[in-house]
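Residue numbers (the working numbering), protein chains in the order written: chain X, 157 to 548; chain W, 157 to 548. Even glycine gets a Cβ: it sits at the ideal position worked out from N, Cα and C. Here the structure is a predicted model, which means the values were calculated and not measured. To start, the structure under review is shown below, and the notes come after it.
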């Protein structure tokens, strides 16, 4: 028997919510490619999405159908609740072949199950739904009408269940420990890669209660001049005294993510930099104090924007984004954003990363907070102090 | 000045080879989305491909043009040799927006540079070239004819330069150390996640000479029953005595990968399992002894197939694949495979992972070897002994 991460009833509820949304949009069938959506509906957990991998939901079938590379079907048996008849594989000869494509046998399976016609939803903008895959489906399923159903399941994922919230809290504990390990290790003269090695170790070991798994993205570790870059890579050069260092990382508990960013200053920060930090911390604290259900996502951003404007700053990039389940390359759920124009109404069980950082012409700083929306406010998912960290 | 990983002349040679291939295929312009191809031609190195990111090569322009999210343009300035005029960004409001798409401003940049017409090659099956991106290009560039140019640059990458080979050797040293750390730490009663934590630490710390960066894929760590699954995820449960454990990992030096798999048996392996290991090791050694330039990729597989057949085994999956540069989700280059039908002729400077593993109904084993093809044979990229590792 597979060891499911959630009760069977929870998977059933997720599938039910997905089917309701399909009916609202007039879809007979939904072909999913986003690994997070596949995981969400079936539990499937293996590194298999480098080759075409699909989960097909039909309004007329009790269970989704998993379709993937033959060698990964055994993982479907190990990690999902699906019946054997709903785990289908294509032969290895189709993998990265120049003469054939996995969508051909996939289409045959759909035909066999009478799912080759009607309105079929596909995730047009999902990372692993390539232009080639779509062209092959259009070619092999001439009786279907394709509709864009990107983010359909992502939107179902917006409000987290109690079990999901528990995993996110564990992810918060993990990332608090990983950030502490980074701060502990970093010092002038220590190689950047050796600090990042400790971050990884802490992310994966997790706590005694709950181990970690890989995060969707590597640590963003930007030291010295590179604090200007939000998504830079570490080097194997030593850290230098009297320079700032931005660290953005997440903890991942069974693919539920909790991110955090902190800036460490390796020495005594100059006054100008300290004032920058104070503006960011004040903006973050003011924003966090304001967040409660019923607020619009854009309203959260407005609180922040007004706060930092008092100090003469502005931030072009969005203030934050919905978090939860994630597979590479991003822990953002790609639905709600904390930015002007986003009217999403905050509800209990939603989760966000408030990405309160500023990247200026010649420097950068980031002191951020992940949180859950609760019945009457919000619950921070990490406990790390909201401060610029000076370490000499 | 950016610190380039390769000499400017090497980037020029790569671009020249790409343009030759474009001319052969009748392409005026090439739009690249594969992060490895973007890195290969420009040096661009930041975690930016979660949002639409392109490098555009024109036969009429000296340099490629980088187009990405505005906050990542600073990384383009930091890591590429491109002139400022060839680093172009779209505003943050286009990122994960429900009302607009980054391909719109990208198309405007192409029009401004007169690259909006003629034959445009796109990477139809590249992971981050989504169906949505392609549909937007077709819509916004009505004067262009689109052609599939997937793997065009991947094929240019097949033969590695001396500098690339040097990075791959460093990646080999890193992964030898990471596998040694795993073997050292694993024992009955130790949590799987704590072993994987040591693997990550060793992968990233690297050696005193060369630090590591993230690999395209997490460790595949399949213990006990899970040895049947090739791409499974570790748990936070303790390892159990008298069970096998498959570990597949890579070292990554500046995104050049060297993978390896080994099986550890936590106790004294039963005779049947030892015979399985002997068949695999004999097959691997026989195959490695045969590999030299001039051989076809399918010929390598034939040597292996005949060797294991003598012991009554067969392997459906391909025996191996081309390696080198990689970004998530795979360190395979997606070009040559060691399997029937692949006529690629081995040339000095090509590199492969010989994935000599067997996954049977109820068990699995993997003892593999990455290698470079040399002038008169091959050079193993790792030194880890080719044996089943018994550890009690």
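Could you work out which residues of chain X lie near residue i, taking near to mean beta carbons separated by less than 7 angstroms?
i, result
"residue 290 (chain W)", "287"
"residue 384 (chain W)", "230"
"residue 374 (chain W)", "203, 370"
Is there a C-beta anywhere in chain X that falls below 8 angstroms from the one on residue i?
i, result
"residue 314 (chain W)", "no"
"residue 353 (chain W)", "yes"
"residue 283 (chain W)", "yes"
Just to make sure I have the definition right: I need the residues of chain X whose C-beta is within less than 8 angstroms of the C-beta of residue i. Which are they?
i, result
"residue 387 (chain W)", "202, 203, 204, 227, 228, 231"
"residue 357 (chain W)", "353, 354, 356, 357"
8 angstroms is my cut-off, CB to CB: does residue i come that close to chain W?
i, result
"residue 456 (chain X)", "no"
"residue 473 (chain X)", "yes"
"residue 280 (chain X)", "yes"
"residue 306 (chain X)", "yes"
"residue 248 (chain X)", "yes"
"residue 493 (chain X)", "yes"
"residue 350 (chain X)", "yes"
"residue 515 (chain X)", "yes"
Does residue i have its Cβ less than 8 angstroms from a Cβ in chain A?
i, result
"residue 486 (chain X)", "Looking at the structure shown, chain A is missing, and the protein chains on hand are X and W."
Going by DSSP, name the residue or residues bridged to residue i.
i, result
"residue 258 (chain W)", "None; residue 258 (chain W) has no bridge partner."
"residue 609 (chain X)", "The structure shown does not extend to residue 609 (chain X), since chain X is modelled only from 157 through 548, so no value can be given for it."
"residue 413 (chain X)", "X:408"
"residue 360 (chain W)", "Answer is none; residue 360 (chain W) lacks a bridge partner."
"residue 379 (chain W)", "W:401"
"residue 347 (chain W)", "W:394"
"residue 421 (chain X)", "X:400, X:546"
"residue 244 (chain W)", "W:223"
"residue 514 (chain X)", "X:521"
"residue 528 (chain X)", "X:507, X:535"
"residue 304 (chain X)", "X:278"
"residue 285 (chain W)", "For residue 285 (chain W), which the question treats as bridged, DSSP gives no partner whatsoever."
"residue 452 (chain X)", "X:501"
"residue 477 (chain X)", "X:493, X:509"
What residues of chain W sit near residue i, judged by a beta carbon separation below 7 angstroms?
i, result
"residue 347 (chain X)", "367"
"residue 392 (chain X)", "362, 366, 367"
"residue 460 (chain X)", "What residue 460 (chain X) touches in chain W: nothing, since even the nearest Cβ is about 15 angstroms away."
So, under 8 angstroms CB-CB, residue i and residue j are touching, yes? Tell me the CB distance rounded to an integer number of Å.
i, j, result
"residue 225 (chain W)", "residue 202 (chain W)", "Actually they are not in contact, since the Cβ atoms of residue 225 (chain W) and residue 202 (chain W) sit about 10 angstroms apart, beyond 8 angstroms."
"residue 300 (chain W)", "residue 272 (chain W)", "6 angstroms"
"residue 452 (chain X)", "residue 500 (chain X)", "7 angstroms"
"residue 411 (chain W)", "residue 302 (chain W)", "28 angstroms between Cβ atoms; not a contact."
"residue 166 (chain X)", "residue 263 (chain X)", "Not really, about 31 angstroms apart at Cβ, beyond 8 angstroms."
"residue 372 (chain X)", "residue 485 (chain X)", "6 angstroms"
"residue 355 (chain W)", "residue 338 (chain W)", "5 angstroms"
"residue 406 (chain X)", "residue 487 (chain X)", "5 angstroms"
"residue 522 (chain X)", "residue 402 (chain X)", "5 angstroms"
"residue 284 (chain X)", "residue 278 (chain X)", "Their Cβ separation, rounded to whole angstroms, is 12 angstroms, which puts residue 284 (chain X) and residue 278 (chain X) out of contact at 8 angstroms."
"residue 171 (chain X)", "residue 275 (chain X)", "Contact flag wrong, Cβ pair sits at about 18 angstroms."
"residue 450 (chain X)", "residue 288 (chain W)", "Between residue 288 (chain W) and residue 450 (chain X) the Cβ distance is about 32 angstroms, and since that is not below 8 angstroms, they are no contact."
"residue 442 (chain X)", "residue 510 (chain X)", "Contact flag wrong, Cβ pair sits at about 11 angstroms."
"residue 437 (chain W)", "residue 543 (chain W)", "6 angstroms"
Check the Cβ of residue i against every Cβ in chain W and list those closer than 9 angstroms, keeping chain order.
i, result
"residue 234 (chain X)", "381, 382, 384, 385, 388"
If you drop the 5 nearest sequence neighbours on each side, which residues of the same chain put their C-beta closer than 6 angstroms to that of residue i?
i, result
"residue 258 (chain W)", "208, 246, 250"
"residue 533 (chain X)", "448"
"residue 380 (chain X)", "396, 399"
"residue 369 (chain W)", "408"
In chain W, what lies closer than 8 angstroms to residue i by C-beta?
i, result
"residue 490 (chain X)", "252"
Tell me which same chain residues have a C-beta within less than 7 angstroms of the C-beta of residue i, skipping the five on either side of it?
i, result
"residue 347 (chain X)", "392, 393, 394"
"residue 540 (chain X)", "332, 335, 416, 418"
"residue 243 (chain X)", "222, 229, 232, 233"
"residue 161 (chain W)", "199, 410"
"residue 497 (chain X)", "454"
"residue 535 (chain W)", "527, 528"
Which same chain residues, not among the five before or five after residue i, have their C-beta less than 8 angstroms away from its C-beta?
i, result
"residue 174 (chain W)", "186, 197, 213, 308, 309, 312"
"residue 342 (chain X)", "351, 395, 401, 420, 422, 547"
"residue 195 (chain W)", "201, 411, 481, 483"
"residue 240 (chain W)", "233"
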